[in-house]
Amino acid sequence: MDPTLSASSVNRCATKRALGVLFRCAIWNRHGSHDSKGKPMARLNREPGKSGQPNPQSSGKARPVPRHREQSARAQDKLRQTPQAQQERKLRVLTKGPPAMVDSIAGAVTIKNLDLYYVVGSDAQMPVKGEHGFGLYFHDCRFLGGYEMALAGLAPVVLASTAQKGYQALFELTNPELQLEQGQSIPKDELGIRWERILDAGQTCVREVMTIQNFGHQACSFPLTLHFRAGFEDVFSVRGLVQDNLGRSEQPAWRGGKLQFVYHGADRLRRTVTVTFSPAPDTRHKTAAEFRIRVPAGDTRTIAVTIELTENAEEAEAGHLDQQPAVTLHSLARNLQNSSQQWLEQHTKLTSDSVLLNDIMDRSLRDLAVLRSRLGDKEYFAAGVPWFVALFGRDSLIVALEMLAFQPEFAAQTLRLLASYQGRRDDPWREEQPGKILHELRVGELARAGDVPHARFYGTVDATPLFLLLLGRHAAWTGDLGLFRQLREPVERALGWIAKAGDNHGDGYLKYRSRSEKGLVNQGWKDSGDAIVRADGSLAKPPIALVEVQGYVFAAKRAIADLYERAGEPDRASQLRHEAETLRKRFNRDFWCEEQGIFVLALEAGGRRAEVVSSNPGHALWTGIADEDKGHRSVARLMQDDMFSGWGVRTLSTAERGYNPVGYHLGTVWPHDNALLAAGCRNHGEDEAALRIFTAIAEAAAHFRHQRLPEAMAGFRREDFQAPVHYPVACHPQAWAAGAIPFLVTTCLGLEPDAFAGKLRIVRPRLPDFAKHIALHGLRIGDGSADLEFRRTADRAEVTILRTSGQLSVEVEG
Numbered sequence: 003m004d005p006t007l008s009a010s011s012v013n014r015c016a017t018k019r020a021l022g023v024l025f026r027c028a029i030w031n032r033h034g035s036h037d038s039k040g041k042p043m044a045r046l047n048r049e050p051g052k053s054g055q056p057n058p059q060s061s062g063k064a065r066p067v068p069r070h071r072e073q074s075a076r077a078q079d080k081l082r083q084t085p086q087a088q089q090e091r092k093l094r095v096l097t098k099g100p101p102a103m104v105d106s107i108a109g110a111v112t113i114k115n116l117d118l119y120y121v122v123g124s125d126a127q128m129p130v131k132g133e134h135g136f137g138l139y140f141h142d143c144r145f146l147g148g149y150e151m152a153l154a155g156l157a158p159v160v161l162a163s164t165a166q167k168g169y170q171a172l173f174e175l176t177n178p179e180l181q182l183e184q185g186q187s188i189p190k191d192e193l194g195i196r197w198e199r200i201l202d203a204g205q206t207c208v209r210e211v212m213t214i215q216n217f218g219h220q221a222c223s224f225p226l227t228l229h230f231r232a233g234f235e236d237v238f239s240v241r242g243l244v245q246d247n248l249g250r251s252e253q254p255a256w257r258g259g260k261l262q263f264v265y266h267g268a269d270r271l272r273r274t275v276t277v278t279f280s281p282a283p284d285t286r287h288k289t290a291a292e293f294r295i296r297v298p299a300g301d302t303r304t305i306a307v308t309i310e311l312t313e314n315a316e317e318a319e320a321g322h323l324d325q326q327p328a329v330t331l332h333s334l335a336r337n338l339q340n341s342s343q344q345w346l347e348q349h350t351k352l353t354s355d356s357v358l359l360n361d362i363m364d365r366s367l368r369d370l371a372v373l374r375s376r377l378g379d380k381e382y383f384a385a386g387v388p389w390f391v392a393l394f395g396r397d398s399l400i401v402a403l404e405m406l407a408f409q410p411e412f413a414a415q416t417l418r419l420l421a422s423y424q425g426r427r428d429d430p431w432r433e434e435q436p437g438k439i440l441h442e443l444r445v446g447e448l449a450r451a452g453d454v455p456h457a458r459f460y461g462t463v464d465a466t467p468l469f470l471l472l473l474g475r476h477a478a479w480t481g482d483l484g485l486f487r488q489l490r491e492p493v494e495r496a497l498g499w500i501a502k503a504g505d506n507h508g509d510g511y512l513k514y515r516s517r518s519e520k521g522l523v524n525q526g527w528k529d530s531g532d533a534i535v536r537a538d539g540s541l542a543k544p545p546i547a548l549v550e551v552q553g554y555v556f557a558a559k560r561a562i563a564d565l566y567e568r569a570g571e572p573d574r575a576s577q578l579r580h581e582a583e584t585l586r587k588r589f590n591r592d593f594w595c596e597e598q599g600i601f602v603l604a605l606e607a608g609g610r611r612a613e614v615v616s617s618n619p620g621h622a623l624w625t626g627i628a629d630e631d632k633g634h635r636s637v638a639r640l641m642q643d644d645m646f647s648g649w650g651v652r653t654l655s656t657a658e659r660g661y662n663p664v665g666y667h668l669g670t671v672w673p674h675d676n677a678l679l680a681a682g683c684r685n686h687g688e689d690e691a692a693l694r695i696f697t698a699i700a701e702a703a704a705h706f707r708h709q710r711l712p713e714a715m716a717g718f719r720r721e722d723f724q725a726p727v728h729y730p731v732a733c734h735p736q737a738w739a740a741g742a743i744p745f746l747v748t749t750c751l752g753l754e755p756d757a758f759a760g761k762l763r764i765v766r767p768r769l770p771d772f773a774k775h776i777a778l779h780g781l782r783i784g785d786g787s788a789d790l791e792f793r794r795t796a797d798r799a800e801v802t803i804l805r806t807s808g809q810l811s812v813e814v815e816g
């Protein structure tokens, strides 16, 4: 059993996993807010459609599996909707209105291969009824939203499940007591069902093998039924932001021995789900396949299932798997394993004497391998599964920053990709402006049909300075001015947007406000609707200048100034340095709160200060914008008990009126937030605080399934439960959470590259308490590389330079 705990995202009470009921939780729209009214909901392994049904493992009672509903009740014809209804649907996506409501996915099993991903319960099932986030997804569409197995009408019982490899899942199930015809029965636990599942992105399909083994002493015969539901819901619909599909579903049909579902989208794409069985089922139902399983004592039987997805223009001819070369599950697994290993071998290799560090580092890199997605011929890290499998400007930039010491090439790919989508025109609906860097890009039906603006959405204030900052940091690691020269025009456009459109009040601060009357509320990394609060708990009023964003601008201008200097443009470099210094002085005057001993969260309309204690100033410390004395005091404040939970620093102090330990940005603990905050501590010489954060985040990871850091954890105190409390609908895996551990390693080892000078400075290297020895092999700086060994002593780390190549020199300071 997963040792972590679960909590409702709309209730302050932590709920142990042993309890039979959690709460219905609000999935935070990144552009909305949450509802504060919790409703009871069944656990993950509930009977579909019946709230409060006990888990069969805890009650000892088997679950009946309901018949599949014939067609999604959400499907409607777009032509029947009025313009007013269509506009209201658009506004729901952008505003803090109705939250996205789904059941908890804290215990879900998730696998992904490029743009294809699968989210199911720990029992391998996805309910055919009820609102939930489980499903088989591709291109922002949940093609398959229900898939259940029944043994003589009852659900199997899960024994174990794993998705350690990221692209493949394995489930071990057994049977409840089965009552059969003519008074016969099969005792519980007499059957073993091994359910293997793997994603084949090349053929856009799932390949499965179910192996049923009879452990009894007599032959047995029973019906096994597989129920399906294909709703073809857009991801915005799954999250509850949009209540209906826009296209038309055909009636499910059996064609050539295959079960097929077809959907004609409003975006003029025809989407299909085709299910193939081997052997063929004994009985075909409308949306189910029934097999009569006969297994001699001690013997096995297998069923192979392939679920193929297609997405084609209406006039195009869809391809079919039977036209493709045969692929076995094991050969596919071997190929995927080889591909994953090749990708991992491109990274700087870390070894240590700490099993914990080795495991969580390996998990981080494997999660990032799984999160790779494609747009055309370019790869990027999808932000997180299941809600944000898309290109997000901010997320992709931050994870690329986190990974510079381990794979700088991904930063270059990210920068080129985002430059190609840089804003070119003024479009309030998309929040697009010339020079602005993309926030989010979606390819689903609603985006393609124009019902949501996310085909290209620019509602972010921080992606543009982060774009510039990453470009500068990438150059420091690689010593390459070629990328800067290639992106010279996008750089100037980005700087122009910061100077003009971003600072639309002329006070020198980069701010945001929606340009639509009911548009996006918050546009920083804390982008939920109620994230930016005042001391009394009320919402700050736009335009809003966030504390960390000013730091990003400061660091970006300094980094780009250095590149202009090296490119032979000293006047432009001097101008940017002057602007950065002016911003630094103004910032330390306007954002500092002497009473709290920390920088305020934000300046809102009229220059009013949102004087709450939050984690945001930690990012500003990382950028170097803070005065030294204010930096030290800020670290001390961030590490007090009302901010530090024992698992990391909370997003908001427990002393604040707006605090909520399971509010998305109002008291939760985010690994990436803590990684940047730890870098801020180090930047001001507060090494012990940084190590304390590193240790807390690493030890939290040890409690999660596969030692995978989630997007966020609840903000409860460590001493209360001795294990981190789940944020129920957190993405896992999630990109910048996966990048947190590599970045914490880089930070605490004190790696400061200057590839232009052919130099690596190692400044005040420190090791966390859980590791005595760390080695890095193949660390690349410019054209050179190094193998380094760090050994912890009483108050520092001794560094041994094992090998260098090229003209690289390594200097150890402190």
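For what it's worth, this note's numbering labels the leading residue of the sequence shown as 3, then goes sequentially.
Note that CB positions come from ideal geometry on N, CA and C, so glycine has one too.
Item checked: Phe-217, DSSP secondary structure in three states -> Residue state, collapsed to three classes: coil.
Next item on the list: Alpha carbon to alpha carbon, how far is Pro-545 from Gly-526? Give it in angstroms, no decimals.
Entry: Answer to the nearest angstrom: the Cα atoms are 12 Å apart.
Note to self: Only counting the same chain, and skipping five residues up and downstream in sequence, which positions put a Cβ closer than 6 Å to that of Ser-398?
What the structure shows: Closer than 6 Å at the Cβ level, and outside the excluded window around Ser-398, lie Tyr-382, Phe-383, Thr-416.
Check: Using the rule of at least 16 other Cβ atoms within 10 Å of the residue's Cβ for burial, across every protein chain shown, is Pro-744 buried or exposed?
Finding: Buried, since its Cβ has 16 or more Cβ neighbours within 10 Å.
Next item on the list: Please work out which residues of its chain come closer than 7 Å, Cβ to Cβ, to Arg-432, disregarding the five sequence neighbours upstream and downstream, and give them in chain order.
Entry: Hits under 7 Å: Pro-455, Arg-458, Phe-459, Tyr-460.
Next item on the list: Would you list, in sequence order, the uninterrupted alpha helix (DSSP H) runs of no fewer than 4 residues that lie entirely inside the stretch 345 to 373?
Entry: Contiguous alpha helix (DSSP H) elements confined to the stretch 345 to 373 occur at 357 to 372, taking only those with 4 or more residues.
Item checked: Per-residue burial, Thr-332 [other beta carbons within 10 Å of its own, 16 or more giving buried] -> One point to set straight first is that residue 332 is His, not Thr, in the sequence displayed. His-332 is classed as exposed because its beta carbon has fewer than 16 other beta carbons within 10 Å across all chains shown.
Check: Roughly how many angstroms lie between the CA atoms of Gln-424 and Ile-439, to the nearest whole one?
Finding: Gln-424 and Ile-439 have their C-alpha atoms some 5 Å from each other.
Next item on the list: Under 6 Å Cβ to Cβ from Gly-99, same chain only, skipping five residues before and after it: list those, please.
Entry: Because Gly-99 carries a pLDDT of 34, less than 50, the predicted location of this residue cannot be relied on, and no value is offered for it.
Next item on the list: Using a threshold of 7 Å, state whether the C-beta atoms of Ala-385 and Trp-345 are closer than that.
Entry: It is not a contact, given that the beta carbons lie outside the stated cut-off.
Next item on the list: Mind checking which residues open and close the beta strand (DSSP E) that includes Glu-800?
Entry: That run of the beta strand (DSSP E) goes 799 to 807.
Note to self: Any contact between the stretch 261 to 273 and the stretch 333 to 344? By contact I mean 3 or more CB pairs, one from each, below 8 Å.
What the structure shows: No: the two stretches stay apart, fewer than three of their Cβ pairs being nearer than 8 Å.
Next item on the list: Report yes if the CB atom of Ala-563 is closer than 7 Å to the CB atom of Ala-547, and no otherwise.
Entry: Result no, Cβ atoms of Ala-563 and Ala-547 do not sit closer than 7 Å.
Checklist line | For Cys-595, the three-state DSSP class (helix, strand or coil) | finding: Strand.
Check: Per DSSP, Lys-260 forms a beta bridge with which residues?
Finding: Beta-bridge partners assigned by DSSP to Lys-260: Arg-257.
Next item on the list: Evaluate contact between the stretch 237 to 246 and the stretch 347 to 359, counting only Cβ atoms and requiring at least three cross-stretch pairs below 8 Å.
Entry: Verdict: no, contact absent.
Check: Just how far apart, CA to CA, sit Leu-46 and Glu-491?
Finding: Bear in mind that a pLDDT of 25 at Leu-46, under 50, signals an unreliable position, so the number given afterwards is only what the model happens to contain. Taking the Cα positions, Leu-46 is about 50 Å away from Glu-491.
Checklist line | Contact belief for Leu-146 with Ile-309 at Cβ below 8 Å, rounded distance in angstroms | finding: Leu-146 to Ile-309, Cβ: 6 Å. Contact.
Next item on the list: Tell me Arg-536's beta-bridge partners as DSSP assigns them.
Entry: Residue pairing by DSSP places Arg-536 opposite no residue, since no beta bridge is assigned to it.
Item checked: For Leu-471 and Arg-579, the rounded distance between their alpha carbons -> Approximately 14 Å between the Cα atoms of the pair.
Next item on the list: Identify, in the order they occur along the chain, each residue of the same chain with its Cβ nearer than 8 Å to the Cβ of Gly-599, setting aside the five sequence neighbours on each side.
Entry: Here the set comprises Arg-635, Ser-636, Ala-638, Arg-639.
Margin query: For Gly-109, tell me which candidate among Leu-118, Ala-126, Tyr-119 has the shortest Cα-Cα distance.
Written below: It is Ala-126 whose Cα lies nearest to the Cα of Gly-109.
Checklist line | Those residues which DSSP pairs with Tyr-514 across a bridge | finding: In the DSSP output, where bridge partners are listed per residue, Tyr-514 has Ile-546.
Next item on the list: Work out the CA separation of Leu-358 and His-507 for me, nearest whole Å.
Entry: Taking the straight line joining both Cα atoms gives about 49 Å.
Note to self: Assuming Ser-106 is part of the beta strand (DSSP E), what are its boundary residues?
What the structure shows: Looking at the DSSP string, Ser-106 is not in any beta strand (DSSP E), and its letter there is neither H nor E.
Next item on the list: Report yes if the C-beta distance between Gln-215 and Gly-233 is below 7 Å; otherwise report no.
Entry: Taking the C-beta atoms as reference points, Gly-233 is found no nearer than 7 Å to Gln-215.
Next item on the list: Give a yes or no on contact between the stretch 566 to 574 and the stretch 585 to 597, applying the rule of three or more CB pairs nearer than 8 Å.
Entry: Here the stretch 566 to 574 does not lie against the stretch 585 to 597, with fewer than 3 beta-carbon pairs under 8 Å apart.
Next item on the list: Out of Arg-793, Val-329, Val-651, point me to the one whose CA is closest to Cys-207's CA.
Entry: The candidate whose alpha carbon is nearest that of Cys-207 is Val-329.
Next item on the list: Compare the C-alpha of Tyr-149 against each of Pro-189, Thr-227, Gln-166 and name the closest.
Entry: It is Thr-227.
Next item on the list: Would you mind reading off the limits of the beta strand (DSSP E) that contains Ile-200?
Entry: Taken as a continuous stretch (DSSP letters only), the beta strand (DSSP E) holding Ile-200 covers 193 to 202.
Margin query: Between the alpha carbons of Gly-531 and Glu-252, how many angstroms are there, rounded?
Written below: Cα to Cα, Gly-531 sits roughly 38 Å from Glu-252.
Checklist line | CA-to-CA distance, Asn-247 to Asn-524, given in whole angstroms | finding: Near 27 Å, if we compare the C-alpha coordinates of Asn-247 and Asn-524.
Next item on the list: Quick one: measure Cβ to Cβ for Cys-683 and Glu-713, integer angstroms, because I've assumed they're closer than 8 Å.
Entry: With a Cβ gap of about 22 Å, Cys-683 and Glu-713 do not count as contacting.
Check: In whole angstroms, what is the alpha-carbon distance linking Ala-680 and Gly-741?
Finding: Their backbone Cα atoms lie some 14 Å apart in a straight line.
Notebook entry, point to check: Which of helix, strand or coil does DSSP assign to Asp-771?
Noted result: Judged by DSSP in its simplified three-state form, Asp-771 adopts coil rather than helix or strand.
Item checked: Lys-761 - DSSP class collapsed to helix/strand/coil -> DSSP places Lys-761 in strand when its eight states are reduced to three.
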